[in-house]
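Notes for the one structure printed next.
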Amino acid sequence: MDKQSITRIVLVRHGETTDEDTKKIYKGTLDIPLSAKGIVRLKRVASHLALHNLDCIYTSVLSRAVESGRIIAGPHNLDIISDSSLNELHFGRWQGLSFNEIAEKYPDNLSLWLQDPENHPPLGGEPLLQAQKRIMGKFREIVDRHKGGNVGIVAHGGALRIIVCTLLSVKLCNMFRVAQDHGCINIVDIYDDSNPVITLLNFTV
625 MDKQSITRIV
635 LVRHGETTDE
645 DTKKIYKGTL
655 DIPLSAKGIV
665 RLKRVASHLA
675 LHNLDCIYTS
685 VLSRAVESGR
695 IIAGPHNLDI
705 ISDSSLNELH
715 FGRWQGLSFN
725 EIAEKYPDNL
735 SLWLQDPENH
745 PPLGGEPLLQ
755 AQKRIMGKFR
765 EIVDRHKGGN
775 VGIVAHGGAL
785 RIIVCTLLSV
795 KLCNMFRVAQ
805 DHGCINIVDI
815 YDDSNPVITL
825 LNFTV
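Quick note: the sequence shown uses my numbering, first residue 625, plus one each step.
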């Protein structure tokens, strides 16, 4: 029997951002840079990922992910490929607002979204199933391109939750039950002829 190849995908959430020094907001596609705390955290992640011999790193085009990817790649001289398909969900009119502000301005929309996020996106925002198609299309493209390799993907909380839920056949309405802390590491092993196996989830260093 031929030995199966294993493609390892290391999923990393970007570090903390500057807005979190004042209030936590729904960032979505707003381009907010890493904070000093986020930079320190990603340097620890970079040291830890030296053990995984990554071939390259993909990121979204948003600066917090690109900067996180560069910090990880720097010590290991890895190529970085940025792609908008890995961007965070677009939260429409909610972007830049805190949860309490959203509850005050858009209470009905928020209530529907909390009950059924798959069918009730934020006002002017990206539907979850549309985001899933975008993100998973790029994920599968990366897997096919790097079969048998070790690849890093640096992205966002919502995007990573969609990947994890899709790989586990979990409905997206449950995605926010999956913790994804800043700078967390998730590892997915993909075999030739079987389902993907998540060997590490929301690990922080």
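All C-beta atoms, glycine included, are put in the ideal place defined by N, C-alpha and C.
Residue j and residue i - do their beta-carbons sit closer together than 8 Å?
i, j, result
"Asp774", "His676", "For clarity, residue 774 is Asn in the given sequence; the question names Asp instead. Closer than 8 Å, so yes."
"Ile759", "Ile787", "yes"
"Ser687", "Glu712", "no"
"Leu696", "Val778", "First, the amino acid is wrong: residue 696 is Ile here, not Leu. Against a cut-off of 8 Å, the Cβ pair of Val778 and Ile696 comes out as a contact."
"Thr828", "Asp813", "no"
"Leu658", "Gly639", "yes"
"Leu734", "Pro745", "no"
"Ile663", "Ile681", "no"
"Thr790", "Gln756", "yes"
"Thr641", "Ile656", "yes"
"Arg694", "Gly807", "no"
With DSSP as the reference, identify every bridge partner of residue i, one or two as the case may be.
i, result
"Tyr815", "Ile630"
"Val690", "Per DSSP, none; premise fails for Val690."
"Asp703", "Cys680"
"Gly776", "Val634 and Ile681"
"Asn798", "BP columns for Asn798 are empty, so no partner."
Quick one: what does DSSP say residue i is sitting in, helix, strand or coil?
i, result
"Gly698", "helix"
"Leu825", "strand"
"Thr790", "helix"
"Cys808", "coil"
Would residue i be called buried (16 or more neighbouring beta carbons within 10 Å of its own) or exposed?
i, result
"Glu750", "buried"
"Glu728", "exposed"
Considering only residues of the segment 626-676, which uninterrupted beta strand (DSSP E) runs meet the minimum length of 3 residues and lie entirely inside it, listed in chain order? Listed in chain order, the complete beta strand (DSSP E) runs (minimum 3 residues) inside the segment 626-676 are 630-637.
Taking the runs of the alpha helix (DSSP H) that are 4 residues or longer, which of them lie wholly in the segment 703-774? Whole alpha helix (DSSP H) segments, 4+ residues: 723-729, 731-739 and 752-769.
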